[in-house]
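Residue numbers (my numbering): 3 to 333.
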């Protein structure tokens, strides 16, 4: 048994090392792909590095928050934006722009509106998804879907109320998952620190997450406070997803694709799963960004939002899971 455990541990370490090597290779390749092929000059280098770092932060945040939500809801198909976070951010941006138009004052960066909309949505989902003071996984899931639908209606309403001129091109692009090039270094550092802290807390609680996969009675019998753990998971997943939205707008399905693939490679243990998902998420976002620039170089289509690629890939991936593992998907 001890030999089997050592063999399994070595296997997991090798796979995580392989994921890290793939990330390094993709990140290096990404540095050569931009408006032109080749290593950037001194003026373009900081811009390309910032874009690479933002893509990594967003990929890590979305993947790790996906793991947290899947543990919280006990459903491997849960992902951050199932709670309505993306549409909440859109409502916040639309409301802020409309208010600025009527007051003739620039109130704040549009990302502040996105943050406010996301925070309000999360508060509604959190309190509406509780039953007798405790988070109900199924209730939280249903409330998130409903609130997301309501937010979608509010976005369309705000787009047509008197005084609205519709979505600005830059805001429309951001809502499709666009890396904000004007993001300051201080904001990048802050989002990186928040993402790192969130992932660190989840890794610290990895053993409790493993136990929480069992029934409530079994988890509580070994001393895991499920009520407190669910609140912690909800808060961390929400904060990480909000960070991703502020940096790159709503990007769907990263929190579904990466944890699911890594779980098949490394198993259900949350310690390796969190690390592997973070590496896979950063790699996926870098590949999407590189593909966007590659298509621009070949077809001169312009730089596409990353959300387009993840949405198409994630939709096909979701249908594949439902086709191959229907019972597992609907647990």
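We put the CB at the ideal spot given by N, CA and C, even for glycine. Note that the structure is a prediction, hence the values are computed from the model and not measured.
Asked                                                                                                                                                                           : Found
Below 8 Å, can you find three or more Cβ-Cβ pairs linking the stretch 227-235 to the stretch 207-214?                                                                           : yes
Going by DSSP, which residues form a beta bridge with residue 132?                                                                                                              : 137
What three-state label does DSSP hand residue 231 in the structure shown?                                                                                                       : helix
Any idea if residue 207 is buried or exposed, counting beta-carbon neighbours within 10 angstroms, 16 or more meaning buried?                                                   : buried
Out of curiosity, what's the CA-to-CA distance linking residue 281 and residue 163?                                                                                             : 43 Å
Under 8 Å, do residue 69 and residue 249 count as touching if we go by C-beta distance?                                                                                         : no
In chain order, what residues of the same chain have a beta carbon less than 6 Å from the beta carbon of residue 153, not counting five sequence neighbours either side?        : 86, 89, 90, 93
Does the stretch 114-131 come within contact of the stretch 51-70, defined as at least 3 CB pairs closer than 8 Å?                                                              : no
By how many angstroms is the C-alpha of residue 229 removed from the C-alpha of residue 175?                                                                                    : 39 Å
Buried or exposed: which applies to residue 332, given that a residue is buried once 16 or more other Cβ atoms fall within 10 Å of its Cβ?                                      : Confidence at residue 332 is low in this model, with a pLDDT of 47, below 50, so the placement of that residue should be treated as unreliable; the coordinate-derived value is given next. Residue 332 should be labelled exposed.
What is the DSSP secondary structure of residue 276, counted as helix, strand or coil?                                                                                          : helix
Between the stretch 279-297 and the stretch 20-37, do at least 3 Cβ pairs fall closer than 8 Å?                                                                                 : yes
Taking the alpha-carbon of residue 311 as reference, which of 118, 294, 194 has the nearest alpha-carbon?                                                                       : 294
Does the stretch 24-37 come into contact with the stretch 247-266, if we say contact requires no fewer than three beta-carbon pairs (one atom in each stretch) closer than 8 Å? : no
Residue 198 to residue 322, Cα distance in whole Å?                                                                                                                             : 32 Å
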